[in-house]
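Novice: Line order of the protein sequences matches chains A and B. Each residue of the first sequence is one higher than the last, beginning at 1 in UniProt numbering. Each residue of the second sequence is one higher than the last, beginning at 1 in UniProt numbering. Where a beta carbon is used, it is the ideal one built from N, C-alpha and C, also for glycine. Small disclaimer: the values here were computed from a predicted structure and weren't measured.
Protein chains: 2
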Amino acid sequence: MWRNEKYETVPLDVKGIDEDNSKGTRDSLYPQTAVNESPKDAKLSPYFQDGLRRIDYVLTYHVQKPQSTHKQSSKSCLCCGFRREQKNPPAHEDPELAAQEQRLDYHEDDQRLRREEFEENLREMGLEMEKEEGVSPTVFSFTVGFIKICNLPENIMCERAYCDVPFCKFLSPSQGSSIVEKVNMFIQKVTAPLQPNVGENQTENEKPLSYPFSREKQHLMYVILVLSLQILYEQWASYSIFYKYQPIGLVRKYFGEKVGLYFAWLGVYTQMLIPAAIVGVIVFLYGCATVDDNIPSMEVCDERNNITMCPMCDRACSYWKLVTACGTARASHLFDNAATVFFAIFMALWATMFMEHWKRRQMRLNYIWDLTSFEDTESHPRAEYEFHVMKKSLKKEQSPKVVSVAKLIDYKSLFLFCSFVCSMQIFVTLAIVFGVVLYRVSIMTALHMSSTPTFRTNIRATVKTTAAIINLIIIILMDEVYGAIARWLTIMEVPKTDKSFEERLIFKTFILKFANAFTPIVYLAFFRGRIIGRPGKYLYVMGSYRMEECAHAGCLMELCIQLCITMLGKQLIQNNLFEIGVPKLKKMLRQRKIDKKHQEELNKTLHRHEKDHFLGPFVGLNPEYMEMIIQFGMVTLFVASFPLAPLFALLNNVIEIRLDAKKFVTELRRPIAVRAKDIGIWYTLLRGISKVAVIVNAFVIAFTSDLIPRLVYQYMYSPDGTLHGFVNHTLSYFNVSHFQPGTEPMEPMHLGYKVEVCRYKDYRDPPWSATPYEFSREFWAILAARLAFVIVFQNVVMLMSDFVDWLIPDIPKDISIQIHKERNLIVELFMKEERGKKYRNTIGDPSPQPLRSRPSSQA
Amino acid sequence: MWRNEKYETVPLDVKGIDEDNSKGTRDSLYPQTAVNESPKDAKLSPYFQDGLRRIDYVLTYHVQKPQSTHKQSSKSCLCCGFRREQKNPPAHEDPELAAQEQRLDYHEDDQRLRREEFEENLREMGLEMEKEEGVSPTVFSFTVGFIKICNLPENIMCERAYCDVPFCKFLSPSQGSSIVEKVNMFIQKVTAPLQPNVGENQTENEKPLSYPFSREKQHLMYVILVLSLQILYEQWASYSIFYKYQPIGLVRKYFGEKVGLYFAWLGVYTQMLIPAAIVGVIVFLYGCATVDDNIPSMEVCDERNNITMCPMCDRACSYWKLVTACGTARASHLFDNAATVFFAIFMALWATMFMEHWKRRQMRLNYIWDLTSFEDTESHPRAEYEFHVMKKSLKKEQSPKVVSVAKLIDYKSLFLFCSFVCSMQIFVTLAIVFGVVLYRVSIMTALHMSSTPTFRTNIRATVKTTAAIINLIIIILMDEVYGAIARWLTIMEVPKTDKSFEERLIFKTFILKFANAFTPIVYLAFFRGRIIGRPGKYLYVMGSYRMEECAHAGCLMELCIQLCITMLGKQLIQNNLFEIGVPKLKKMLRQRKIDKKHQEELNKTLHRHEKDHFLGPFVGLNPEYMEMIIQFGMVTLFVASFPLAPLFALLNNVIEIRLDAKKFVTELRRPIAVRAKDIGIWYTLLRGISKVAVIVNAFVIAFTSDLIPRLVYQYMYSPDGTLHGFVNHTLSYFNVSHFQPGTEPMEPMHLGYKVEVCRYKDYRDPPWSATPYEFSREFWAILAARLAFVIVFQNVVMLMSDFVDWLIPDIPKDISIQIHKERNLIVELFMKEERGKKYRNTIGDPSPQPLRSRPSSQA
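1) Can you tell me whether residue 29(B) is buried or exposed, with buried defined as 16 or more other CB within 10 angstroms of its CB?
2) Do you know how far the Cα of residue 438(B) is from the Cα of residue 311(B)?
3) Looking only at its chain, what residues have a beta carbon closer than 6 Å to the beta carbon of residue 789(A), apart from the 5 residues adjacent to it on each side?
4) Kindly list, in the order they appear in chain A, the residues whose Cβ is closer than 7 Å to that of residue 366(B).
5) Just to confirm before moving on: does the CB-CB distance between residue 668(B) and residue 617(B) stay below 8 Å?
6) What does DSSP give as the partner residue(s) for residue 712(B) in the beta ladder?
7) Along chain B, in chain order, which residues have C-beta atoms closer than 7 Å to that of residue 787(A)?
8) If you draw a straight line from the C-alpha of residue 278(A) to the C-alpha of residue 424(A), how long is it?
9) Once you ignore the five residues that flank residue 23(A) on each side, which residues in its own chain have a CB closer than 6 Å to its CB?
10) DSSP state of residue 533(B), grouped into three classes?
11) Is the number of C-beta pairs between the region 661–680 of chain B and the region 756–767 of chain B that are closer than 8 Å three or more?
12) Any chance you could list the beta strand (DSSP E) runs of at least 3 consecutive residues sitting entirely within the region 737–782 of chain A, in chain order?
13) By Cβ distance, which residues of its chain are closer than 7 Å to residue 516(A), with the 5 residues on each side in sequence left out?
14) Under 8 Å, Cβ to Cβ, is there at least one residue of chain A near residue 780(B)?
15) Helix, strand or coil, according to DSSP, for residue 875(A) in the structure here?
16) Taking the alpha-carbon positions, what's the residue 505(B) to residue 260(B) distance?
17) Here's the rule I'm using: 16 or more other beta-carbon atoms within 10 Å means buried, otherwise exposed. How should residue 262(A) be labelled?
18) Report the rounded CA-to-CA distance for residue 117(B) versus residue 128(B), giving the unit in angstroms.
19) So, does the CB of residue 531(B) fall closer than 8 Å to a CB anywhere in chain A?
20) Flag this pair as yes or no: are the beta carbons of residue 548(B) and residue 441(B) separated by less than 8 Å?
21) Under DSSP, the alpha helix (DSSP H) around residue 318(A) begins and ends at which residues?
22) When the cut-off is 8 Å and only beta carbons count, does residue 426(A) lie next to chain B?
23) In whole angstroms, give me the CA-to-CA distance for residue 324(A) and residue 746(A).
24) Compute the beta-carbon to beta-carbon distance between residue 280(B) and residue 647(B), rounded to the nearest angstrom, for a pair I have assumed lies under 8 Å.
25) How about residue 201(B): is its C-beta nearer than 8 Å to some C-beta of chain A?
26) For residue 147(B), does the three-state DSSP call read helix, strand or coil?
27) What residues from the region 793–814 of chain B come within 7 Å of chain A, judged by C-beta to C-beta, listed N to C?
28) Listed in chain order, which residues of the region 689–719 of chain A have Cβ atoms closer than 7 Å to some Cβ of chain B?
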């Protein structure tokens with residue numbers, strides 16, 4: 001089992017071995033089988049020294065110098081054991097388990113002894129081995145030992161690589177009616193330039209009929225390992241072919257199903273982003289085109305209206321003219337217009353379509369990759385779990401019956417602890433957001449204090465942008481911290497199997513990173529400017545800080561800036577810095593130990609597996625998935641306020657695919673091929689996000705944008721059925737004599753005239769009514785309309801999503817027909833086989849027939 | 001394939017045969033295999049005349065008298081054909097298809113010829129037959145012929161009955177830890193008296209390890225038919241053991257999986273209703289206990305408040321005192337209190353728990369019944385479909401390429417047509433509801449006209465109850481009409497397979513019947529009393545009818561009465577009349593032709609299969625499911641307004657199970673055992689209902705009950721934080737001088753004093769405000785609160801449901817472990833088998849080995 005460095009399962013000190021050794025053993029298991037196909041150079045060939053037996057697997061270990069001389073150049077072939085004798089292998093059948101046991105707690109001294117014992121075990125199982133130690137003693141402070149293995153039992157082989165059980169030649173998929181066929185032909189013609197040149201498109205229509213039993217029919221299996229690194233490098237890991245489909249079949253053959261599914265998923269997601277990006281751009285352009293016809297912003301910008309607004313902060317700020325908010329009002333219209341509602345609905349359906357499309361694609365891949373009957377039955381407990389249980393049972397040996405209860409309590413307390421830490425983390429995130437808010441408020445006040453007028457005009461924009469950038473930096477930093485915390489928590493929980501370990505880890509990481517990424521945005525969308533109180537009775541926090549107000553046209557604009565900076569910044573920084581920069585840096589550090597001239601020499605002399613040993617280890621797909629899922633959240637959750645999000649995501653992903661491909665092909669060791677039928681917990685998370693997206697978008701449209709107030713004004717209050725007078729309607733009156741003492745502006749004559757009544761954005765009764773400054777009837781009516789909109793939007797969109805979900809079958813029609821046909825064919829083959837067997841029986845075969853005892857139907 | 005009478009697939013006139021014959025052939029296919037086990041009476045034994053060969057299957061046909069003499073007592077054994085010769089059977093392998101072909105279009109004259117041809121075909125397939133005609137020529141105007149068949153090929157047998165492929169002895173399920181074991185033991189002890197005495201509980205812990213291939217491994221199959229009618233009669237179809245679990249295993253063995261699943265589902269549903277009923281009763285009792293402490297009803301009943309209400313109808317009605325609504329107000333509290341919200345949430349979670357519980361139970365049954373690997377692959381087209389396609393292609397022979405397009409258009413138009421008819425039906429339902437409303441309004445007015453005071457006091461109750469009963473009768477009548485329409489529509493659509501036919505039929509029937517059952521309730525809950533206008537400006541429909549008002553305490557009370565009458569009435573009438581009465585009547589009609597003394601004679605002389613021929617045919621499970629699903633709707637959809645619904649449902653279902661059991665055991669022919677893995681589309685419908693239930697209950701609580709106005713008053717308007725003054729707050733003022741001319745009451749002095757201002761239930765501004773009779777600020781605030789409640793309730797409950805769904809695994813832990821273990825065991829067996837085969841190969845077996853060609857792994 002491959003452990004990734006980032007999500008390493010056990011703290012090193014638990015193992016009782018020091019860093020240096022653990023590194024050696026941790027890097028020790030990786031398959032060598034699939035690295036190269038062109039055996040031009042004998043040195044690089046994956047064969048034993050005799051040039052006949054093919055290497056199936058290579059184990060590596062580090063040896064300290066003093067010891068290494070002992071076994072120097074002991075390139076003797078260690079083949080032993082008969083092929084037939086491996087029928088009843090000893091208990092240690094799995095070399096991995098043995099390796100793990102070996103790994104657990106041995107000291108420097110008896111390392112060699114233990115290694116020899118391990119090798120002896122392998123030999124007993126009938127493996128043939130060739131040992132190679134100390135290839136480059138001049139460059140390293142330690143020697144790297146390689147054990148090349150051939151004659152690996154097929155069941156183990158199959159766990160590590162891609163297996164298949166072909167039965168009979170080919171079965172060409174069913175042909176539809178002539179029209180369908182023609183349409184398909186046309187589509188194929190059109191998309192031909194988009195197909196990668198890997199010469200497998202033709203054969204994708206034909207498929208070997210096979211019946212995969214995974215490990216269950218080992219004797220029928222053989223391993224196909226198409227070594228295609230060069231093709232992948234040219235046709236996949238290149239930016240110049242960004243517009244082409246990925247050669248997923250090849251990726252899967254080389255890297256295994258799990259990696260193949262990731263890239264297939266990324267491909268589908270990117271492909272689906274194209275229509276979303278197009279519609280998003282159209283919506284944005286619609287906003288741009290209609291900005292001049294927008295009555296509310298026209299009214300704001302109209303000097304003749306001459307509306308005096310109440311000050312934005314205590315004392316330092318003074319009254320201001322609404323016309324100065326003209327620019328913001330016009331900009332807000334870009335993201336806050338009627339098309340936004342349409343786009344939010346579109347994106348909710350888009351998310352459902354995407355999920356459905358992926359389900360179908362996954363099913364098709366399952367079929368093509370022969371995984372339809374594959375079931376993920378991995379359930380052997382992790383070594384760390386067994387160690388934990390052993391420790392527990394040793395402790396509680398005096399009362400063995402209480403163990404299960406104790407374990408239960410133990411788990412519960414751990415679970416509670418984890419929940420506590422998680423909520424603490426979310427609290428920390430909130431605190432950070434609050435800190436940024438305070439920063440904004442204080443800077444703003446300070447800037448207002450300064451009297452340079454040119455300085456003041458740019459105040460808002462500067463503060464907004466710097467705050468967003470600070471937020472971004474905090475998000476990126478905390479992301480790393482949270483990742484570490486989630487790992488630590490999961491290790492503390494000691495989950496039983498690797499699968500549950502991974503799922504728990506992913507879930508925790510997801511919760512923390514998601515909260516981290518979205519808390520500032522949620523604050524901006526739903527809380528900012530809503531809990532500010534009113535003039536004369538502002539809400540104060542931390543002594544004398546007034547809560548932030550929104551700009552005149554709502555907080556949508558700021559939400560937009562925040563989203564834009566987070567998306568662009570996160571992607572740029574994380575892509576460039578973490579995905580390109582850090583690996584490059586690590587590689588440099590690794591190679592710094594070897595000086596230049598040795599480098600070249602090494603390149604020539606090193607064997608293929610030796611070179612690969614010095615590549616970066618494969619750290620799992622989780623960080624890649626996590627990045628994409630957060631992006632998916634950005635694209636769907638607040639799409640109502642930022643229609644350009646899909647475009648940004650699309651641009652990022654086109655690069656991301658090739659970037660990841662490059663990384664996989666050139667920078668990392670080939671990961672062990674892991675079978676997987678689906679993308680696991682990530683699908684659940686995607687589904688969760690797309691469900692939450694519906695309600696979040698409903699709230700964004702209803703509460704963050706001004707759509708509902710505009711509609712309510714137009715149909716309930718407007719004298720002529722237009723939006724004329726809307727701005728005046730949204731502004732309440734405040735009598736400046738009602739300011740709390742000490743909060744009135746220092747320069748009341750700032751505008752050049754004495755202000756008696758100023759306006760503020762809220763629906764409250766005027767000072768001269770019976771109930772001054774109470775929420776007005778309009779406030780409640782608009783609130784009811786907003787809430788009604790949320791209910792209608794949520795339920796209509798959910799219904800439509802369910803309908804789309806129901807409309808699109810999960811399994812493509814042709815695939816389900818094909819599966820059915822294949823099953824029939826296999827049954828027929830079985831029948832033929834069985835009939836042959838029966839025939840043999842009748843002519844007298846004395847061997848025992850446990851399966852064929854057919855009871856007579858007459859009881 | 002068994003056709004049920006109710007959901008017959010093709011209109012008889014299409015077939016071109018007359019009613020009498022079709023009935024004969026329609027009843028003709030039913031298996032005889034499993035009817036009796038105690039062959040005390042040789043006459044009743046399921047053997048051929050020779051007493052050796054067992055009868056597998058019996059076909060029946062009707063012969064007109066003149067012909068019947070011809071073949072009188074031709075009890076010759078028609079056995080022929082070698083057992084070995086059936087290896088390559090002719091094309092007509094399926095006797096069902098042949099029978100259908102035979103059924104299609106033959107005339108009176110050549111019936112016999114065709115029958116003989118058919119029999120010849122069967123004989124060619126190697127079946128052994130015994131013919132028997134005219135057993136009771138004295139009683140009937142026609143003779144019944146029976147063809148008994150033995151030596152039926154196992155694949156056909158398996159389609160008709162329950163098959164199993166046991167591999168090795170037994171596998172006892174895994175034992176949990178000692179505590180779990182003890183808990184299980186305790187549960188078993190406690191529930192022991194609830195277990196039916198069928199002697200299968202012990203063996204349920206042990207299970208033959210088998211690997212079902214359904215039809216695919218026919219050669220390994222043998223048929224287990226445990227003939228257990230007597231046990232079922234005693235331990236299942238009896239009212240006296242209503243408290244016991246059902247012997248589901250036996251039911252499934254006798255009736256097949258599909259019927260077994262229905263009764264298992266009904267059992268789980270009934271069982272789950274127990275906690276719901278208990279909580280519902282507690283909620284109701286809570287209402288009863290707190291009715292005297294309820295401040296609003298106290299205020300209504302307080303004579304000192306002396307509130308004069310506006311008249312309930314134009315001219316005929318006069319002002320009335322609020323105190324007269326005291327009874328209604330008190331009664332309303334029973335169903336409208338704080339516990340209702342809790343109960344609605346409880347029931348939403350209950351529905352989710354029920355679905356989950358059923359999923360697990362189904363999985364367990366799948367495991368016990370060996371269906372885990374079974375896949376429903378029935379896809380051969382229906383004869384009617386093929387006939388339709390043939391007709392089409394004959395018509396369009398000149399332009400064969402257009403067929404598929406034409407078919408497409410054809411289907412589309414049919415689909416549109418169906419949608420149109422369905423919406424027409426819903427419209428009709430609405431019209432009927434409206435008619436009932438008009439009935440209520442007019443009767444009410446008429447009654448008000450009469451001046452007898454004792455008469456008037458009971459007016460409301462009488463009208464409500466009669467209206468509800470009229471509604472009920474209409475619902476029951478229209479139910480039958482809608483059933484017929486749905487069937488007719490589906491037949492017009494000509495679906496391809498039986499499965500799609502059934503699904504479409506169920507879906508249509510469900511939509512229509514559901515709309516029929518729930519439209520009056522929805523009207524009462526959400527529309528009644530909301531669109532009435534206000535005094536002085538009432539809303540009039542159909543000329544001069546004012547829309548109905550609700551009683552003072554909201555419409556919840558009337559909703560309650562309607563639900564109560566619908567549930568009780570529907571269940572009583574449908575159970576008693578349709579399920580007991582009609583079958584009895586039909587049986588009587590059938591037996592009237594035979595006079596008494598013959599009856600007794602017949603009972604003695606008739607063979608078992610001859611007796612069974614005169615039982616009622618099995619009409620499918622759809623009506624049973626439909627009834628239950630509508631009941632499930634009643635229980636979940638409006639449970640917020642009627643907490644006793646689960647209790648009523650429980651009482652009904654306890655009887656329903658035994659009633660259905662009796663019907664299946666004694667009244668109907670044994671249906672052909674049909675395999676099924678799940679309850680199919682019904683599960684989808686249940687899920688849909690439980691989703692809709694959340695939002696419906698949210699709306700009932702928010703809008704139908706007075707909970708939200710009470711809370712808003714208490715926390716926003718109440719001077720002392722209690723509900724004192726709430727009644728006054730809900731009533732608006734109306735100046736009687738503002739009545740429209742001609743609508744003021746004829747007897748304004750009815751109460752003994754001159755009324756200047758009357759009150760009505762609404763939140764509107766008083767006549768003396770600036771905006772008289774406009775919706776007041778309170779109205780909008782309460783509306784906003786109601787809507788906010790809906791959003792919060794819906795999302796919280798949905799989240800909780802999803803959480804429960806996620807928390808409970810779909811497959812019980814022990815079953816999933818067991819399945820895994822079994823798979824491993826089977827693989828081991830396979831491996832052993834294969835190894836044996838390989839061994840044989842090496843010692844030289846010349847037979848071809850298509851499956852064993854193992855490519856060498858060294859390429």
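Specialist: Working from what's here:
1) Within the second sequence, the letter at position 29 stands for residue 29(B). Per-residue confidence for residue 29(B) stands at a pLDDT of 35, beneath the threshold of 50, marking its modelled position as unreliable; no derived number is given.
2) Position 311 of the second sequence, counted from the first residue, corresponds to residue 311(B). Position 438 of the second sequence, counted from the first residue, corresponds to residue 438(B). Cα to Cα, the separation comes out at about 19 Å.
3) Here residue 789(A) is taken as the residue at index 789 of the first sequence, counted from 1. Excluding sequence neighbours, residue 789(A) sits near 702, 708.
4) Your numbering for residue 366(B) matches position 366 in the second sequence. Near residue 366(B) there are no residues of chain A at all, since even the closest Cβ is about 15 Å away, more than 7 Å.
5) Translated into positions along the second sequence, residue 668(B) becomes position 668. Translated into positions along the second sequence, residue 617(B) becomes position 617. Against a cut-off of 8 Å, the Cβ pair of residue 617(B) and residue 668(B) comes out as a contact.
6) Locating residue 712(B) in the second sequence gives position 712, counting from the first residue. Its beta-bridge partners do not exist; DSSP assigns none.
7) Working through the first sequence from its first residue, we reach residue 787(A) at position 787. Here the neighbours are 784, 787, 788, 791.
8) Residue mapping note: residue 278(A) aligns to position 278 of the first sequence, counting from 1. Residue mapping note: residue 424(A) aligns to position 424 of the first sequence, counting from 1. The straight-line gap from Cα to Cα measures roughly 41 Å.
9) In the first sequence, residue 23(A) corresponds to position 23, counting from 1. At residue 23(A) the pLDDT is 33, less than 50, meaning the model places this residue with poor confidence and gives no usable figure here.
10) On the second sequence, residue 533(B) is found 533 positions in, with the first residue counted as 1. Strand.
11) Too few Cβ pairs lie closer than 8 Å, so no.
12) 757–761
13) Counted from its first residue, the first sequence places residue 516(A) at position 516. For residue 516(A), where only same-chain residues beyond five positions count, the Cβ hits under 7 Å are 429, 475, 478, 479, 482.
14) Position 780 of the second sequence, counted from the first residue, corresponds to residue 780(B). Taking Cβ atoms only, chain A reaches closer than 8 Å to residue 780(B), which makes this a yes.
15) In the structure as shown, chain A begins at 1 and stops at 859. Residue 875(A) is therefore absent and cannot be evaluated.
16) As a working mapping, residue 505(B) is identified with position 505 in the second sequence. As a working mapping, residue 260(B) is identified with position 260 in the second sequence. The alpha-carbon atoms of residue 505(B) and residue 260(B) are separated by roughly 22 Å.
17) Numbered from 1 along the first sequence, position 262 holds the residue referred to as residue 262(A). With at least 16 other beta carbons inside 10 angstroms of its own, residue 262(A) counts as buried.
18) What you label residue 117(B) is simply residue 117 of the second sequence in a count that begins at 1. What you label residue 128(B) is simply residue 128 of the second sequence in a count that begins at 1. Between residue 117(B) and residue 128(B), the C-alpha separation is close to 15 Å.
19) As a position in the second sequence, residue 531(B) is number 531, starting the count at 1. Chain A contact via Cβ: absent.
20) Along the second sequence, one-based indexing puts residue 548(B) at 548. Along the second sequence, one-based indexing puts residue 441(B) at 441. Against a cut-off of 8 Å, the Cβ pair of residue 441(B) and residue 548(B) comes out as a contact.
21) The residue given as residue 318(A) occupies position 318 in the first sequence. Per DSSP, residue 318(A) belongs to no alpha helix (DSSP H) and is neither H nor E.
22) Position 426 of the first sequence, counted from the first residue, corresponds to residue 426(A). Output row for residue 426(A): interface = no.
23) As a first step, residue 324(A) is located in the first sequence; it is residue number 324 there, counting from the start. As a first step, residue 746(A) is located in the first sequence; it is residue number 746 there, counting from the start. Taking the straight line joining both Cα atoms gives about 20 Å.
24) In the second sequence, the residue the question calls residue 280(B) occupies position 280. In the second sequence, the residue the question calls residue 647(B) occupies position 647. That belief holds up - the Cβ atoms of residue 280(B) and residue 647(B) are roughly 6 Å apart, short of 8 Å.
25) As a first step, residue 201(B) must be located in the second sequence, where it is residue number 201. In this prediction, residue 201(B) scores a pLDDT of 44, lower than 50, which makes its location untrustworthy; no coordinate-derived value is stated.
26) Locating residue 147(B) in the second sequence gives position 147, where the first residue counts as 1. Of the three classes helix, strand and coil, the one that applies to residue 147(B) here is strand, per DSSP.
27) Going along the region 793–814 of chain B in chain order, one finds 795 with a Cβ nearer than 7 Å to chain A.
28) 695
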